[in-house]
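J.: Once you've had a glance at the structure underneath, I'll fire off some questions.
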Amino acid sequence: MRRLAAALGLVAALGAPAFAQRASDAPVPAPAPQGAGGIVVLDTERLFSESAFGQRFAADLQAQTEALIEENRRIEDELKAEEQALTERRATMDPAAFSAEADVFDAKVQQIRRERDAKERALQQEAAAGRETFLAAAGPALGQVMLARGAAVILDRRAVFLSTGAVDITDAALAAVDAAIGDGSQAGSGTGDDEAPVADPEAAR
């Protein structure tokens, strides 16, 4: 039973960021110069965290995480009470009987720990899958922005050592993606197969 404290743990924070509110009229960067080599830069972290989709997804994930933490606390309290009751009965129990009940209790604690760990892993997997779903759904709109800037390649900002602001399309991408998929609640399968509603390249600039 001494393993109870080690066997039970609350869910760690999943790193869901607290997103800042983005202004609706974000400045659109100037078109990239012709000498830019057909490459534009995108801050994918900001695109996800400041998009309507990303903010809704983070709020949903945070709610699930808090619910799991509360459930863990309730289960922990129940197990502590059960452990205390067994300890108080020990003086009146046959040693062999107490040992048998203690083993059953320890096995129960270990099983609950495995179940809690599985739920935590499921939330972590959901967090990763949400980003993948978002990028897949945002793809058509990002392609429109890329073509509007006369580029052939979008690089993740994290992979760029040095660049000018002229090649950063994050603001334009945010506007285009929000217009295309909104918060994702009506996206259905979320596979990104629907066309992004960008009327023409000029609208994506």
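Going letter by letter, the sequence shown gives residues -20 to -1, 1 to 185 in mature numbering (1 follows the signal peptide of the UniProt record, and there is no 0).
Quick reminder that beta carbons are idealized off the backbone N, C-alpha and C, glycines included.
Note that the structure is a prediction, hence the values are computed from the model and not measured.
#1: Between the C-alpha atoms of residue 144 and residue 120, what's the straight-line distance to the nearest angstrom?
#2: Taking residue 153 as the reference, which of 64, 114, 139 has the closest Cα?
#3: Can you grab the Cα-Cα spacing for the pair residue 85 / residue 101, in whole Å?
#4: Taking contact to mean 3 or more Cβ pairs, one atom from each stretch, closer than 8 Å, check whether the stretch 32 to 49 and the stretch 122 to 129 are in contact.
#5: By the DSSP assignment, the beta strand (DSSP E) with residue 136 in it spans what residues?
#6: Let me check understanding here. Comparing Cα to Cα, which of 34, 82, 142, 163 lies closest to residue 67?
#7: Compute the Euclidean distance between the alpha carbons of residue 98 and residue 105, then round it to the nearest angstrom.
#8: Which of the three DSSP states, helix, strand or coil, is assigned to residue 148?
#9: Beta-carbon within less than 7 Å of residue 19's beta-carbon, same chain only, minus the 5 sequence neighbours each way: which residues are those?
#10: Quick test of the definition: if touching needs 3 or more C-beta pairs under 8 Å, does the stretch 21 to 41 touch the stretch 88 to 96?
#11: Closer than 7 Å to a non-hydrogen atom of the ligand COA - does that hold for the CB of residue 29?
#12: Taking just the CA atoms, how far does residue 141 sit from residue 2?
#13: Count the other C-beta atoms from every protein chain shown that fall within 10 angstroms of the C-beta of residue 155, then say buried if there are 16 or more, exposed otherwise.
#14: Give the DSSP-derived three-state secondary structure of residue 22 in the structure shown.
#15: Rounded to whole angstroms, what's the CA-CA distance from residue 52 to residue 107? Just pull it up for me.
#16: Taking only three categories from DSSP, how would you classify residue 125?
#17: What is the DSSP secondary structure of residue 166, reduced to helix, strand or coil?
#18: Quick check on the DSSP output: the alpha helix (DSSP H) that includes residue 67 runs from which residue to which?
T.: According to the data block:
#1: 25 Å
#2: 114
#3: 24 Å
#4: no
#5: 133 to 136
#6: 82
#7: 10 Å
#8: strand
#9: 131, 133, 135, 147
#10: The stretch 21 to 41 makes no contact with the stretch 88 to 96: fewer than 3 CB pairs, one atom from each, lie closer than 8 Å.
#11: For the structure depicted, the ligand COA is absent and the ligand set is empty, with no information on it obtainable.
#12: Residue placement at residue 2 is flagged as unreliable, the pLDDT there being 40, under the threshold of 50; the coordinate-derived value follows with that caveat. Near 26 Å, if we compare the C-alpha coordinates of residue 141 and residue 2.
#13: buried
#14: strand
#15: 20 Å
#16: helix
#17: coil
#18: 32 to 69
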